[in-house]
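Participant: Per the UniProt record's numbering, the sequence shown starts with residue 1, numbered consecutively.
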Amino acid sequence: MNDVEVFLKWKHYLFSIAYRITGSYVDAEDIVQESYLRWLSPKKVEIQNQKSYLGSIVARLALDLLKKASRKKETYIGPFLPEPIPETVESMNDEKINFAFLVILETLNPMERAVFILRELFDFTYEEIAEIIGKTAENCRQIYSRARTAIHSRKKKFEPDLQLHSKLLLEFSFACYHQDTKSLTKLLCEDVIAYSDGGGKIHAARIPIPGIQRVITLLNKTTEKKAKSTEIYFGYANGSPALIGYTNEVPSFVQIFTIKNKKIDAVFNLVNPDKLKGFQNKENLIKLGFLRKPSWIDWILFKVRRWTNFRN
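1. With a 10 Å radius around its C-beta and 16 neighbouring C-beta atoms as the bar for buried, classify Val103 as buried or exposed.
2. Leaving aside the five residues before and after Ile244 along the sequence, list all residues of the same chain whose C-beta is less than 7 Å from its C-beta, in chain order.
3. Would you give the residue range spanned by the alpha helix (DSSP H) that Val45 belongs to?
4. On the DSSP letters alone, give me the boundaries of the alpha helix (DSSP H) that Asn139 sits inside.
5. Drop a sphere of 10 angstroms on the beta-carbon of Gly200, count the other beta-carbons inside from all chains shown, and report buried for 16 or more, exposed for fewer.
6. Have a look at the DSSP bridge pairing and note the partners of Tyr195.
7. Rounded to the nearest angstrom, what separates Ser70 and Thr107 at their Cα positions?
8. Here's the rule I'm using: 16 or more other beta-carbon atoms within 10 Å means buried, otherwise exposed. How should Asp191 be labelled?
9. Let me make sure I understand the geometry here. Which of Ser166, Arg60, Leu105 has the alpha-carbon closest to that of Pro241?
10. Just the C-alpha distance for Ser229 and Pro86, rounded to the nearest angstrom, thanks.
11. Rounded to whole angstroms, how far is the Cβ of Ala114 from the Cβ of Ala62, which I believe are closer than 8 Å?
12. Output the distance between the C-alpha atoms of Glu128 and Ser56, rounded to the nearest integer angstrom.
13. What residue ranges within the segment 181-262 form continuous alpha helix (DSSP H) runs of no fewer than 4 residues, ordered along the chain?
14. Candidates Thr185, His12, Ser173, Leu105: which alpha carbon is nearest Arg146's?
15. Apply the 10 Å Cβ neighbour rule to Arg38 and answer buried if 16 or more other Cβ atoms are within range, or exposed otherwise.
16. Please name the residue, chosen from Leu81, Met111, Arg119, that lies closest to Phe101 on a Cα-to-Cα basis.
17. Just confirm the distance between the C-beta atoms of Phe117 and Arg214, as a whole number of angstroms; I'd bet it's less than 8 Å.
18. Could you compute how far the alpha carbon of Ile264 sits from the alpha carbon of Leu188?
19. For Leu291, which residues does DSSP report across the bridge?
20. Taking just the CA atoms, how far does Pro110 sit from Gln33?
21. For Pro273 and Glu224, I'd like the C-alpha separation in whole angstroms.
22. Given that a residue counts as buried once 16 or more other Cβ atoms are within 10 Å of its Cβ, and exposed if not, what is Ile276?
23. Nearest to Ile47 by CA position, among Asp3, Ile133, Asn261, Ala150, is which residue?
24. What is the DSSP secondary structure of Asn284, reduced to helix, strand or coil?
25. Alpha carbon to alpha carbon, how far is Ile143 from Ile151? Give it in angstroms, no decimals.
26. How would you label Asn49, buried or exposed, when you count the other beta carbons within 10 angstroms and need 16 or more for buried?
27. Is it buried or exposed, Val45, if we count other Cβ atoms within 10 angstroms and call 16 or more buried?
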């Protein structure tokens, strides 16, 4: 294979590394492009392991960018959430990582995040990681251990199955659309928290909103504003069911939630247009099965479930 064919063979793998380290779809694309240019430049030595060589280039670029981005996050307006990408459980590669896990990764510093991702998800050796980040292998072991402990202290012990998640998404979407407070009360945990990421570019709550009553008020207000001008789709973001809104064919929001004890305990609203680039090509996403319009069958299922819930 020539250089171009070799790069294309590993392109998805390289994007996975860049995206999972940076948490940014746009930055990951830029990093892959930069790595391509470096790959095409004359090589000083013969490359024995092309995958490892390319992965190391991308990892260095991603870590450098993550360090710069961490400084920008300090002045970011409102909650900072990762960029979602259209990805179903079936389409995800072996390096599976859902949106809720990306949110947890944001609590690590750049070095911890890079070491954890490279070791835990991509099976880099400590020696390879040491060369990438400029530390000793023993330092990398300590950083990984510290990051792993921090991650597992925050990660939920039980992840909801996809069927339950999809069911709650359906009920949640129709309850919001009809501003059905009674249904929302049954769907949300008492200590639910809503996070809105507008980045100062779109009007959004600048602090997390805690508590079921405040979250319901927020959902009712935002839904009322979007109902007439926004097309709503069911879709997937990072392997989790999600609601995606389009205004004039442009993505205007992605809404994802997490579950605890069969109820919604956190709602993530992404409205910063810079973080919705992965959902731009709506027609292509529909063809690939990442998006679908709510149907009359969904409406009937919602009515039946709501009637059953109220009887109980």
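Where is the CB? At the ideal position from N, CA and C, for every residue including glycine.
Facilitator: This is what the structure gives:
1. Sequence index remark: in the sequence shown, residue 103 carries index 103 (1-based). Classification of Val103: buried, given that the 10 Å Cβ count is 16 or more.
2. Within the sequence shown, numbered from 1, the residue matching residue 244 stands at position 244. Around Ile244: Tyr233, Gly235, Pro251, Val254, Phe279, Leu291.
3. Sequence index remark: in the sequence shown, residue 45 carries index 45 (1-based). Note, Val45: premise wrong, no alpha helix (DSSP H); not H, not E.
4. Working through the sequence shown from its first residue, we reach residue 139 at position 139. Boundaries of the alpha helix (DSSP H) around Asn139: 137-154.
5. Locating residue 200 in the sequence shown gives position 200, where the first residue counts as 1. Gly200 should be labelled exposed.
6. Residue numbering aside, residue 195 sits at position 195 when the sequence shown is read from its first letter. As DSSP reads the structure, Tyr195 sits in a beta bridge with Phe268.
7. Locating residue 70 in the sequence shown gives position 70, where the first residue counts as 1. Locating residue 107 in the sequence shown gives position 107, where the first residue counts as 1. Near 11 Å, if we compare the C-alpha coordinates of Thr107 and Ser70.
8. For the purposes of this step, residue 191 is identified with residue 191 of the sequence shown, where counting begins at 1. Burial is judged here by how many other beta carbons sit within 10 angstroms of a residue's own beta carbon; Asp191 has fewer than 16 and is exposed.
9. As a position in the sequence shown, residue 241 is number 241, starting the count at 1. When each option's Cα is compared against that of Pro241, the closest is Ser166.
10. Here residue 229 refers to the residue found at position 229 of the sequence shown. Here residue 86 refers to the residue found at position 86 of the sequence shown. So the two alpha carbons sit approximately 23 Å from each other.
11. The count along the sequence shown starts at 1 and reaches residue 114 at position 114. The count along the sequence shown starts at 1 and reaches residue 62 at position 62. Contact flag correct, Cβ pair sits at about 7 Å.
12. Looking up residue 128 in the sequence shown gives position 128. Looking up residue 56 in the sequence shown gives position 56. Cα-Cα distance, rounded: 8 Å.
13. 181-187, 212-226
14. Here residue 146 is taken as the residue at index 146 of the sequence shown, counted from 1. When only C-alpha atoms are compared, the closest one is Leu105.
15. Translated into positions along the sequence shown, residue 38 becomes position 38. By the 10 Å Cβ count, Arg38 comes out exposed.
16. As a first step, residue 101 is located in the sequence shown; it is residue number 101 there, counting from the start. That would be Leu81, whose Cα lies nearest to the Cα of Phe101.
17. Taking the first residue of the sequence shown as position 1, residue 117 is located at position 117. Taking the first residue of the sequence shown as position 1, residue 214 is located at position 214. Just to set this straight, residue 117 is Ile in the shown sequence, not Phe. Not really, about 34 Å apart at Cβ, beyond 8 Å.
18. Here residue 264 refers to the residue found at position 264 of the sequence shown. Here residue 188 refers to the residue found at position 188 of the sequence shown. Cα to Cα, Ile264 sits roughly 5 Å from Leu188.
19. In the sequence shown, counting from the first residue as 1, residue 291 sits at position 291. Answer is Gly235, bridged to Leu291.
20. Against the sequence shown, residue 33 aligns to sequence position 33. Against the sequence shown, residue 110 aligns to sequence position 110. When rounded, the distance between both Cα atoms is 21 Å.
21. Here the question's residue 273 lines up with position 273 in the sequence shown. Here the question's residue 224 lines up with position 224 in the sequence shown. Looking at the two C-alpha atoms, the distance is approximately 20 Å.
22. As a first step, residue 276 is located in the sequence shown; it is residue number 276 there, counting from the start. Looking at the sequence provided, one finds Leu at residue 276 rather than Ile. Under this definition Leu276 is a buried residue.
23. Within the sequence shown, the letter at position 47 stands for residue 47. Ranking the options by Cα distance to Ile47, first place goes to Asp3.
24. Against the sequence shown, residue 284 aligns to sequence position 284. Note: Asn284 maps to helix in three-state DSSP.
25. Here residue 151 is taken as the residue at index 151 of the sequence shown, counted from 1. Here residue 143 is taken as the residue at index 143 of the sequence shown, counted from 1. The straight-line gap from Cα to Cα measures roughly 12 Å.
26. Numbered from its first residue, the sequence shown carries residue 49 at position 49. Under this definition Asn49 is an exposed residue.
27. The count along the sequence shown starts at 1 and reaches residue 45 at position 45. When all chains shown are included, Val45 counts as exposed.
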